[in-house]
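A.B. asks:
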Amino acid sequence: MTHPILDITSIKRFINKIEQAIFRDETTTISQMNALMCLLDHGGLTAGNIAIMLNISKSAVSMLMHTLENEGMVIRSFDRFDRRLVLYSLTEEGIVVTNRLRKKRSLIIQKTLSPLLTPGEISELNSIFSKLIIKK
Numbered sequence: 005m006t007h008p009i010l011d012i013t014s015i016k017r018f019i020n021k022i023e024q025a026i027f028r029d030e031t032t033t034i035s036q037m038n039a040l041m042c043l044l045d046h047g048g049l050t051a052g053n054i055a056i057m058l059n060i061s062k063s064a065v066s067m068l069m070h071t072l073e074n075e076g077m078v079i080r081s082f083d084r085f086d087r088r089l090v091l092y093s094l095t096e097e098g099i100v101v102t103n104r105l106r107k108k109r110s111l112i113i114q115k116t117l118s119p120l121l122t123p124g125e126i127s128e129l130n131s132i133f134s135k136l137i138i139k140k
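First residue of the sequence shown? That's 5 in my numbering, and the numbers climb one at a time after it.
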């Protein structure tokens, strides 16, 4: 039986390998991808909502949203019932980039794992990764 720390280390190495493959030719970072996926899945969200879902600080969300807004992937708007609330949403470009990154991630995971797992197990693992990244 292997030591649990070694198993976690192996999992980290595996995930890092997948991340490197996904972002090799990308200008988007993993943190940006996680925020984009969060917005794609949940629509207009406040910085506080995003911070909770991604388990990061509001200031980190603010920096992410500022960068993504400057890149034309995110827009900010005011809540129509409470103008004090700023909501972040994806632009058309943001939707395209997020869907492309999500598909690329799935293909890389599938290619990496297909010798080891069935298609159903790969799909389940992909779902688990998404759940681990984003709190609902």
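Glycine residues also receive a C-beta, built at the ideal position from the N, C-alpha and C atoms.
Can you give, in chain order, each stretch of the beta strand (DSSP E) that sits fully within the stretch 28-57 and has at least 3 residues?
C.D. replies: none
A.B. asks: How long is the line joining the alpha carbons of isoleucine 54 and glutamine 114, rounded to whole angstroms?
C.D. replies: 28 Å
A.B. asks: Following the continuous beta strand (DSSP E) through leucine 2, name the residue where it begins and the one where it ends.
C.D. replies: Coverage of the chain is limited to positions 5 through 140, which leaves residue 2 absent and any answer about it impossible.
A.B. asks: Locate the beta strand (DSSP E) running through serine 182, then write down its first and last residues.
C.D. replies: Absent from the structure is residue 182, since the part of the chain shown begins at 5 and ends at 140.
A.B. asks: Could you tell me the alpha carbon to alpha carbon distance between glycine 47 and serine 93, rounded to whole angstroms?
C.D. replies: 6 Å
A.B. asks: Rounded to a whole number of angstroms, what is the C-alpha to C-alpha distance between isoleucine 56 and glutamate 125?
C.D. replies: In this structure, the CA atom of isoleucine 56 is about 28 Å from the CA atom of glutamate 125.
A.B. asks: DSSP on arginine 80, reduced to helix/strand/coil?
C.D. replies: strand
A.B. asks: If we call anything under 9 Å between Cβ atoms a contact, is leucine 49 one with leucine 105?
C.D. replies: no
A.B. asks: Does DSSP put leucine 136 in a helix, in a strand, or in coil?
C.D. replies: helix
A.B. asks: Would you check if there are 3 or more beta carbon pairs closer than 8 Å linking the stretch 71-80 to the stretch 29-40?
C.D. replies: yes
A.B. asks: Indicate the three-state DSSP secondary structure (helix, strand or coil) for leucine 89 in the structure shown.
C.D. replies: coil
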